[in-house]
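**Student:** Take this structure first; my questions come after.
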Amino acid sequence: MSCLAPVFRRALAPAPTAILCLAVSGCQSAEPSIVTPGPQPVSVSSPLVRPVVDFDEYTGRTRAVATVDIRARVQGYLKEIRFEAGDLVEAGQVLFVIDPREYEDAVALAEARVEQANAQARLTAVERERYRRLAQRDVGSRQDFDRAAAAYDVSVAEAKAAEAELDRARLDLSFTEVKSPIVGQAGAHLVDVGNLITAGQSEANLLTTVVSVDPMFVDFDVDERALLRYRKDASDRRGEEVDPARIREARIPVEMGLADEPGFPHVGILDFADNRLDPATGTLRARGVFPNADRLLTPGLFARVRVPTGDPRDALLIAETALGSDQGIRFAYVLGDGERVERRLLGLGPTIAGMTVVTEGLSADDRVLVSGIQRVREGVQVDPREVPMPLPPGAAEALSSAAAEAPEAPPSELATSASNEAAGMEQLPEPEPEPEPEPEPEPEPQPDAEAIAPDAGPDAPR
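Okay, here's the thing in structure tokens:
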């Protein structure tokens, strides 16, 4: 203990001096300064002013103008299939061939019966004429002439029946070639070669289905007020009242886009509006018709549809980055007096090429914050920097051409062809019988032997 005490005292000796120095330095330090940050730098831009057309937007489904279930009209074993699943087929193209041998034999038999009936008719014609002349000479009885005349009438009727049976046999033979009645795309064949095909309307008798591909319908529901507005706009453009029953003649343009397509690249016309209002929804079923030459549209696809309303008008557009949201309320920050931020509640319209139409809350002279709106609040002073209104990729080209005027409806032939096809006007008529030689004219009744040679004996042939 005696050895460690001096060391301990020497180690503690400078401590009062250090404490004194700290106390003196603390008394001599200055007050801390508070640095005030400058105004927050922000980017501002004036809204774009562009001519736009207002649109009503709907959702719908694509549908083929014509859908035909292909079934056989005669029974037999399937001999050939002359298409591949998914092929584009023409009207009148042979799809299936049923073994025709049985029907060829039926045609040959019917032709023979026609010859037989015609021969019998010629014979009875001669006999009728003979008995007529005998009756005129009071040589034969009137009853014999009546029997001969009736026999002739029966033979003529039998000849006509034989001709009808021949026509039917030829028709059945033509039905062994199952043809497509429309231009369209064929589905998969549901039977294979060698199977027995039966005629009928049941699902078991279905061979394949052909759907038309150009043009294409799109069905969607539209409210009553909107439809009346479309008619009025069309009447104003045409200078005459639009007939509700012939709405396709009004040439009301309709735009459509698929689920994976940007915008509405397909342009058609309003082709039909139902005559009954759904009381549960207050809407009517409407139909647009669109050209489909590139076969991009197929039946059953989801479609986004829009219909222009009114004439083009100038509208304000701002970028999505300039819009804020507070519990569903959309707003934008604009510069007020003294470069202070003001909050404006906005009324918004549709989005065009990624830019939002502002219907109320802004003017063309306002300077709108287009970036950094999360870092400012209403009433603060900012350091504005003028920049062009930010545009999404491709928006400049789209805005320069889009909505300058209402979309132009496609040629009128589109609606006409769709109406014709939907009404079945392009379907094939009943197959005509094969060409046949002109029927032999009924022979003139030949005078009997008595008329030719009055002096002939009783054994002269009659």
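Mapping of the sequence shown onto the UniProt record's numbering: position 335 corresponds to residue 335, and the numbering continues sequentially without gaps.
Backbone N, C-alpha and C define an ideal beta-carbon position, used for all residues, glycine too.
1) Label Ile98 either buried or exposed according to how many other C-beta atoms from any shown protein chain fall within 10 Å of its C-beta, with 16 as the threshold for buried.
2) Taking its Cβ as the centre, do 16 or more other Cβ atoms sit within 10 Å of Ile329, making it buried, or is it exposed?
3) Going by CA-CA distance only, name the one from Arg340, Arg367, Val357 that's closest to Arg377.
4) Closest to Ile352 by CA distance: which of Gly38, Val213, Pro51 is it?
5) In three-state DSSP terms, what is Arg137?
6) Output the distance between the C-alpha atoms of Asp337 and Arg343, rounded to the nearest integer angstrom.
7) Report the three-state DSSP secondary structure of Phe145 (helix, strand or coil).
8) Which residue marks the beginning of the beta strand (DSSP E) containing Asp383, and which one marks its end?
9) Does the count of Cβ pairs from the region 96-110 and the region 217-229 closer than 8 Å reach three?
10) DSSP on Gly200, reduced to helix/strand/coil?
11) Just confirm the distance between the C-beta atoms of Leu297 and Met355, as a whole number of angstroms; I'd bet it's less than 8 Å.
12) Give the straight-line distance between the Cα atoms of Pro447 and Val107, rounded to the nearest whole angstrom.
13) With a threshold of 16 other CB atoms inside 10 Å of the CB of Arg231, please say whether the residue is buried or exposed.
14) Less than 8 Å between C-beta atoms, sequence neighbours within five positions excluded: which residues of the same chain meet that for Leu207?
15) Going by alpha carbons, who is nearest to Val193 out of Leu348, Ala117, Leu78, Gln93?
16) Do you know whose CA, among Val68, Val358, Pro384, lies nearest Gln201's CA?
17) Tell me, to the nearest whole angstrom, how far the beta carbon of Gly310 is from that of Asp56; I am working on the premise that it is less than 8 Å.
18) Could you check what DSSP says for residue 466 in three-state terms: helix, strand or coil?
19) Nearest to Arg313 by CA position, among Pro299, Ala319, Thr359, is which residue?
20) Rounded to the nearest angstrom, what separates Phe145 and Ala112 at their Cα positions?
21) In three-state DSSP terms, what is Ser25?
22) By Cβ distance below 7 Å, which residues in the same chain neighbour Pro350 in space, the five residues on each side in sequence not counted?
23) Going by the CB atoms, is the gap between Leu345 and Val44 shorter than 8 Å?
24) First and last residue of the alpha helix (DSSP H) that includes Glu224?
25) Helix, strand or coil for Val218? Go by DSSP, reduced to three states.
26) Exposed or buried, which one is Ser363 when buried takes at least 16 other CB atoms within 10 Å?
27) Please classify Glu129 as buried or exposed, where buried requires at least 16 other C-beta atoms within 10 Å of its C-beta.
28) Can you look up Glu129 in the DSSP assignment and give me helix, strand or coil?
29) Please state the DSSP three-state secondary structure of Asp274.
30) Report all residues from its chain with a CB closer than 6 Å to the CB of Thr209; omit the five preceding and five following residues, and keep chain order.
31) In three-state DSSP terms, what is Gln327?
32) Within its chain, find whatever has a CB closer than 8 Å to the CB of Ala403; leave out the 5 residues flanking it on each side and keep chain order.
33) Determine, using beta carbons only, whether Val368 and Ala315 come nearer to each other than 8 Å.
34) Can you name the residues that DSSP bridges to Ile98?
35) Mind reading off the beta-carbon distance from Ala64 to Val114? Whole number of angstroms is fine, and I expect it under 8 Å.
36) Just curious, the beta strand (DSSP E) that Met355 is in, first and last residue?
**Tutor:** In this structure, then:
1) Position 98 of the sequence shown, counted from the first residue, corresponds to residue 98. Per the 10 Å Cβ criterion, buried.
2) Working through the sequence shown from its first residue, we reach residue 329 at position 329. Exposed is the call here.
3) Reading the sequence shown from its first residue, position 377 is the one you call residue 377. That would be Arg340, whose Cα lies nearest to the Cα of Arg377.
4) Translated into positions along the sequence shown, residue 352 becomes position 352. The shortest Cα separation from Ile352 among Gly38, Val213, Pro51 belongs to Pro51.
5) Against the sequence shown, residue 137 aligns to sequence position 137. Correct three-state label for Arg137: coil.
6) Here residue 337 corresponds to residue number 337 of the sequence shown, with the count starting at 1. Here residue 343 corresponds to residue number 343 of the sequence shown, with the count starting at 1. C-alpha separation (whole angstroms): 13 Å.
7) Taking the sequence shown and counting its residues from 1, the one referred to as residue 145 is at position 145. Phe145 falls in the helix class under three-state DSSP.
8) Here residue 383 refers to the residue found at position 383 when the sequence shown is read from its first residue. Residues 382-386.
9) no
10) Indexing the sequence shown from 1 puts residue 200 at position 200. Gly200: coil per DSSP, three-state reduction.
11) As a first step, residue 297 must be located in the sequence shown, where it is residue number 297. As a first step, residue 355 must be located in the sequence shown, where it is residue number 355. Not confirmed; about 28 Å, so no contact.
12) Indexing the sequence shown from 1 puts residue 447 at position 447. Indexing the sequence shown from 1 puts residue 107 at position 107. The predicted model places Pro447 with a pLDDT of 40, which falls under 50 and marks its position as unreliable; any figure quoted below should be read in that light. Cα to Cα, the separation comes out at about 36 Å.
13) Residue numbering aside, residue 231 sits at position 231 when the sequence shown is read from its first letter. Label assigned to Arg231: buried.
14) As a first step, residue 207 is located in the sequence shown; it is residue number 207 there, counting from the start. Cβ within range, chain order: Ile70, Arg71, Ala72, Leu95, Phe96, Val178, His189, Leu190, Val191, Ile197.
15) Start at 1 with the first residue of the sequence shown, and residue 193 comes out as number 193. Nearest of Leu348, Ala117, Leu78, Gln93 to Val193, Cα basis: Leu78.
16) Along the sequence shown, read from residue 1 onward, the residue named residue 201 stands at position 201. The shortest Cα separation from Gln201 among Val68, Val358, Pro384 belongs to Val68.
17) The residue you call residue 310 lines up with position 310 of the sequence shown. The residue you call residue 56 lines up with position 56 of the sequence shown. The Cβ separation is near 10 Å, so there is no contact.
18) No statement about residue 466 is possible, as the shown extent of the chain runs from 1 to 462 and does not include it.
19) Along the sequence shown, one-based indexing puts residue 313 at 313. Minimum Cα distance to Arg313 is reached at Thr359.
20) Residue mapping note: residue 145 aligns to position 145 of the sequence shown, counting from 1. Residue mapping note: residue 112 aligns to position 112 of the sequence shown, counting from 1. C-alpha separation (whole angstroms): 29 Å.
21) On the sequence shown, residue 25 is found 25 positions in, with the first residue counted as 1. Confidence at Ser25 is low in this model, with a pLDDT of 48, below 50, so the placement of that residue is unreliable and no value is reported for it.
22) Residue mapping note: residue 350 aligns to position 350 of the sequence shown, counting from 1. Excluding sequence neighbours, Pro350 sits near Phe55, Val357.
23) Residue numbering aside, residue 44 sits at position 44 when the sequence shown is read from its first letter. Residue numbering aside, residue 345 sits at position 345 when the sequence shown is read from its first letter. Not closer than 8 Å, so no.
24) In the sequence shown, counting from the first residue as 1, residue 224 sits at position 224. Unbroken alpha helix (DSSP H) run through Glu224: 224-238.
25) On the sequence shown, position 218 is the one that residue 218 refers to. Val218: strand per DSSP, three-state reduction.
26) Start at 1 with the first residue of the sequence shown, and residue 363 comes out as number 363. Exposed.
27) Here residue 129 refers to the residue found at position 129 when the sequence shown is read from its first residue. Buried is the call here.
28) Within the sequence shown, residue 129 is the residue found at index 129, counting from 1. Three-state result, Glu129: helix.
29) Your numbering for residue 274 matches position 274 in the sequence shown. Coil.
30) As a position in the sequence shown, residue 209 is number 209, starting the count at 1. Cβ within range, chain order: Asp69, Gly187.
31) As a first step, residue 327 must be located in the sequence shown, where it is residue number 327. Three-state DSSP puts Gln327 in coil, outside helix and strand.
32) Here the question's residue 403 lines up with position 403 in the sequence shown. Model confidence at Ala403 stands at a pLDDT of 48, short of 50, so the residue's coordinates are unreliable; what they give is reported in the following sentence. Taken in chain order, the residues that qualify are Arg50, Pro51, Val52, Val53, Pro312, Ile352.
33) The count along the sequence shown starts at 1 and reaches residue 368 at position 368. The count along the sequence shown starts at 1 and reaches residue 315 at position 315. Their beta carbons are not under 8 Å apart, which means Val368 does not touch Ala315 by this criterion.
34) Taking the sequence shown and counting its residues from 1, one reaches residue 98 at position 98. Paired residues: Leu78.
35) To locate residue 64, count along the sequence shown from 1; it is residue 64. To locate residue 114, count along the sequence shown from 1; it is residue 114. Incorrect: roughly 44 Å between the Cβ atoms, too far for contact.
36) Position 355 of the sequence shown, counted from the first residue, corresponds to residue 355. Counting along the chain, the beta strand (DSSP E) containing Met355 begins and ends at 355-360.
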